[in-house]
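*Asks:* Below is a structure I'd like to ask you about.
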Amino acid sequence: TNFIHGGGDLFVSGAEIGWDLDLQNHGRTFFENTLQGNFVADDAATYTVNAAAGSIFDGLSSLTFSNGSAFSQLDGQMYDVATPDVIAPQAGAVSALTYGGSAGTAAIQASGTGGTGKIVMFGFPFDAINRASRRQTVLGDILSFFGAAIAIGTARSGTAVHPAVPFTASHGVRCRINRRRLRHSTPG
């Protein structure tokens, strides 16, 4: 909470975050007030997500995430995401991705106001998105939303830098991928 209220940007993903924090009340206040989400259902019953109109992913074609049918060196199916959380945005947040078949919201984004940081939260694991090129595009959109001008070649941008404000040490960005914390530091 202090990190986000201090202006830090946060990307959170996982299939049981809403179920545990909100439904089981192991952090409901944090989930609803800080992450600005609501848990809706424990299983979207689909492995497909679509970009919500006007979101940071607007224009992105449908994505699929792992159903566990194959494994290919972290570039294909990795494990069965059996129960992706259906979530909903609280006031101040909007839907960023929706599940196929009208199953509900798969991801939310919050722009942050009054000096608070921006938030992107997925109801399924980011690392389960099929194909590295798709993960790269999605992460580029998230970093662009956070204001980090970091060069990431994507299917939508080629090898260009996602347009954004210059990234400085005052932009706190935390990102967790494949259970490893990534750190980025820049001069200034």
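The numbering used here puts the first residue of the sequence shown at 136, with every later residue one more than the last.
All C-beta atoms in this analysis are idealised placements derived from N, C-alpha and C, irrespective of residue type, glycine included.
Predicted model, so just to flag it, every value in this text is computed and none were measured.
Roughly how many angstroms separate the alpha carbons of phenylalanine 166 and aspartate 215, rounded to a whole number?
*Replies:* Those two C-alpha atoms are separated by around 24 Å.
*Asks:* Rank Val273, Asp193, Ile152 by C-alpha distance to the C-alpha of glutamine 171 and give the top, closest one.
*Replies:* Closest by alpha carbon: Ile152.
*Asks:* Using DSSP with H/G/I as helix, E/B as strand and the rest coil, what is serine 279?
*Replies:* Of the three classes helix, strand and coil, the one that applies to serine 279 here is helix, per DSSP.
*Asks:* Verify whether the separation of the beta carbon atoms of phenylalanine 146 and isoleucine 277 is less than 8 Å.
*Replies:* Cβ atoms of phenylalanine 146 and isoleucine 277: closer than 8 Å.
*Asks:* Examine the Cβ distances between the segment 224-237 and the segment 191-203 and report whether three or more of them are shorter than 8 Å.
*Replies:* Because the criterion of three Cβ pairs below 8 Å is met, the segment 224-237 and the segment 191-203 touch.
*Asks:* Would you tell me roughly how many angstroms separate the C-alpha atoms of glycine 282 and alanine 245, rounded to the nearest one?
*Replies:* Distance between the alpha carbons of glycine 282 and alanine 245: 13 Å.
*Asks:* Report yes if the CB atom of proline 224 is closer than 8 Å to the CB atom of phenylalanine 259, and no otherwise.
*Replies:* In this structure, phenylalanine 259 does not lie closer than 8 Å to proline 224 by Cβ.
*Asks:* Just to confirm the assignment, what range does the beta strand (DSSP E) spanning phenylalanine 257 have?
*Replies:* Element bounds for phenylalanine 257: 254-257.
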